[in-house]
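Enquirer: Here it is, the structure in full.
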Amino acid sequence: MTCMFSIFLFVTSCIACYYAYTEKKSQILSSMDMAYSRIEQEHKNVVNNFWQVYMPIADSNSSTYALFRNYFDSTEPEDLAPMEKRKLTSALEQMCVRDNRIEWIALYSEIRTINYVKYSGNTFVQELPDTFPYISDMKQKTTQMEVYGAREILTTYGNLCTFAICGGVPSTMGNGKILIGYRLDTYEAISNFQITSIPSMRYYILTNNQILFDSSGKYTLNDLYIPEGIHEGLVTSGNSKLYIKTNHVGDNTSTLVYTALWKDIFLAAHQDTWWIIGITFSFIILSLIVNMSMNHSVSKEVSIIQDGLSFIADNNLDYQLPTDFKQGGLPEIAQNINEMSMKLNENIKKAYYFELKQKDAELAQLQTTFNPHFLYNTLEMLRSKSYANGDTETADLISNFSSIFRSFIGAKIFITLKEELAFNKKYLTLLNARYGERVTIQYDIDSPLLDYGIIRNFFQTLIENYFIHGFDADKSNNLIRFTGKSIDDNNMLLTMEDNGFGMTEENIALLNQQIEEPIRHSKESYGLKNLNQRLKLFYGPDYGLHIMKNEYNGVTVQIKLRKMLVEEYDKKKKLHQL
């Protein structure tokens, strides 16, 4: 899904980039065309207005006409008198008023030794110097109106770049020329706002192989593209590809051109593309990060459930999975697993409990199959004969065995710790008869604990386990010590420690794990595991056995029990609470 989403974003961004590029390119070309049209219109206005400025010369009824005729057709070409200069200045000012783009007006007559020029802002006309840039052009003029390229003119305000339009005079005035110079600031203002957006953009006007206007300010023909005819589109100039547009302007006296490097237009048109691509890749990266984060979160939480299931599968049915998952559905799954493991654990405990009950029933049935009084009478007869024959040791052993037998088939399953210890001493007496004096038995039980109840035959399993796995027949100082301490008002701790063969830490850890596992079927061992399960069923899951290594290199068995009087147990039993 992430790959498909990324591909969709990429395709969408490509489409968006294409349309953004097309729209931006259209805007750029439209802006260029708009500036082009404004320059074209401006030049057309200048050329058309030239005749309006020129009109007083052609009006034979005006005083200006007579003034110019006297100037161009005079037989006295010397310098004008001050009054004549004032009249000429006034006439030229009237012409300048007709077009505010006029920077200067020059009068040229070949028969005069001194010609004059009127600069805008000057009070009087000035002599036209021989070095005036347009002298040679005026001398070579052949048509009624000619447009000349831009030149630098030295005015009272400094050098100023202007272009000029030259017109002749009526034949009645002789062979004179009137040359009008125009400022280029309007052309520059129109083109400047476009030059900043595309550095290579350039507007220029060509007339008779002269540059009338150049937006770059260079005014050199060497680096200009000289068009052939009217054209619009891409052309190749040298090693560069240019986008150009050309057209004839000013009564077809000039050619207006704009050029721009295609790569500049291309890059400018792609201004929004980089933002779109950046945003797209940001979204793709963000989606990948979110996807990876979500996958990691899901995998982590699923891994917790998997590990929990594996732990539960190792017979740890009391374990509960956490349910504070953030992914939808996982808390419900974990809760269902917890409920399943709890029910399964309860069913196993019930099955084990019923199995114990069944064994108790089998024992009760066994008791009814024979008459215990026959066995008691027989053991009593053997004890009496042993006494009669003087074998008191054997008689005492038979007496202890008879007591133990009575305990095994007794009806009560919960007796006081005092009674259990008494039975335990008789059981150890029989074992001492077998193993001799190689085992020492010690007791250290707090007296207040002796009145609390305990499951019948509790110590028998521990003692049998010691003699099977811990008793060292080669030692003469084997030791078993029983201790009992109170933990708090509700619990007590019984321990049995020995100095037998002992166990490694690894084996002790494995044994502790095994005795905590529930008994699944009747074929499993009923040693320490059986005793631990009986204690948990009887007292609760917080009670039972724990085995550890002691300072004698033997084994210590700790048994946590709940303080419960026999009377309390009997009362609860009657109320069906146990």
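Heads up: the sequence shown is residues 6 to 583, going by our numbering.
Idealized CB from N, CA, C, for every residue including glycine.
(1) Whole angstroms are fine: how far does the CA of phenylalanine 15 sit from the CA of leucine 291?
(2) Does DSSP put methionine 569 in a helix, a strand or coil?
(3) Check each candidate in Leu247, Ser287, Trp280 and Gly163 and name the one with the smallest Cα separation from phenylalanine 271.
(4) So, helix, strand or coil for threonine 258, using DSSP?
(5) Taking only three categories from DSSP, how would you classify glutamate 502?
(6) What is the DSSP secondary structure of arginine 539, counted as helix, strand or coil?
(7) In the DSSP assignment, what residue or residues form a beta bridge with asparagine 483?
(8) Going by the DSSP bridge assignment, what does leucine 433 pair with across the sheet?
(9) From the DSSP secondary-structure annotation, give me the bridge partner or partners of methionine 150.
(10) Would you mind stating whether isoleucine 107 and tyrosine 187 have Cβ atoms separated by less than 8 Å?
(11) What are the start and end residues of each continuous alpha helix (DSSP H) run of 4 or more residues lying completely inside the region 186-210, in chain order?
(12) Hey, out of Tyr59, Tyr471 and Ile459, whose CA is closest to glycine 173's CA?
(13) With a cut-off of 8 Å, do at least 3 Cβ pairs link the region 25-45 to the region 286-300?
(14) Along the chain, where does the alpha helix (DSSP H) that runs through glutamine 311 open and close?
(15) So, at 7 Å on beta carbons, what are the nonlocal neighbours of tyrosine 209 in its own chain, with the 5 sequence-adjacent residues on each side left out?
(16) For isoleucine 459, which of Lys417, Gln325 and Ile33 has the nearest alpha-carbon?
(17) So the candidates are Trp109, Val122 and Ser67; which of them puts its Cα closest to the Cα of phenylalanine 55?
(18) Is it true that the CB of leucine 533 sits closer than 8 Å to the CB of isoleucine 520?
(19) When you compare the region 504-516 with the region 561-574, are there three or more beta-carbon pairs, one atom per stretch, that lie closer than 8 Å?
(20) Could you give the first and the last residue of the continuous alpha helix (DSSP H) run that contains phenylalanine 77?
(21) Which residues in the same chain have their Cβ closer than 6 Å to the Cβ of phenylalanine 487, if we skip the five residues on either side of it in sequence?
(22) Inspect the beta-carbon positions of glycine 489 and asparagine 558 and report whether they are closer than 8 Å.
(23) Quick one: grab the DSSP three-state call for lysine 27.
(24) Three or more C-beta pairs under 8 Å: does that hold for the region 163-170 against the region 90-106?
(25) Assuming the contact rule is C-beta atoms closer than 8 Å, alanine 40 and serine 259 should be a hit. Round their C-beta distance to whole Å, please.
(26) Using a Cβ-Cβ cutoff of less than 8 Å, which residues in the same chain neighbour asparagine 495 once the five nearest sequence positions on both sides are dropped?
(27) Run through the DSSP bridge pairs and tell me what tryptophan 109 is partnered with.
(28) Secondary structure at valine 16, three-state DSSP: helix, strand or coil?
(29) Excluding sequence positions up to five away, which residues of its chain have a Cβ less than 8 Å from the Cβ of proline 204?
(30) If you drop the 5 nearest sequence neighbours on each side, which residues of the same chain put their C-beta closer than 7 Å to that of valine 303?
(31) Which word fits glutamate 132, buried or exposed, when buried means at least 16 other C-beta atoms lie within 10 angstroms of its C-beta?
Expert: Quick look at the numbers:
(1) 14 Å
(2) coil
(3) Leu247
(4) coil
(5) strand
(6) helix
(7) Val444
(8) Paired residue(s): none; leucine 433 is not in a bridge.
(9) Gly172
(10) yes
(11) 190-200
(12) Tyr59
(13) no
(14) 276-318
(15) Ile216, Phe218, Asp219, Ser220, Leu229 and Val262
(16) Lys417
(17) Trp109
(18) yes
(19) no
(20) 68-77
(21) Tyr448 and Met501
(22) no
(23) Rather than lysine, the amino acid found at residue 27 in this sequence is threonine. Helix.
(24) no
(25) The Cβ separation is near 17 Å, so there is no contact.
(26) Arg567 and Lys568
(27) Tyr124 and Gly186
(28) helix
(29) Asp269
(30) Gln332
(31) exposed
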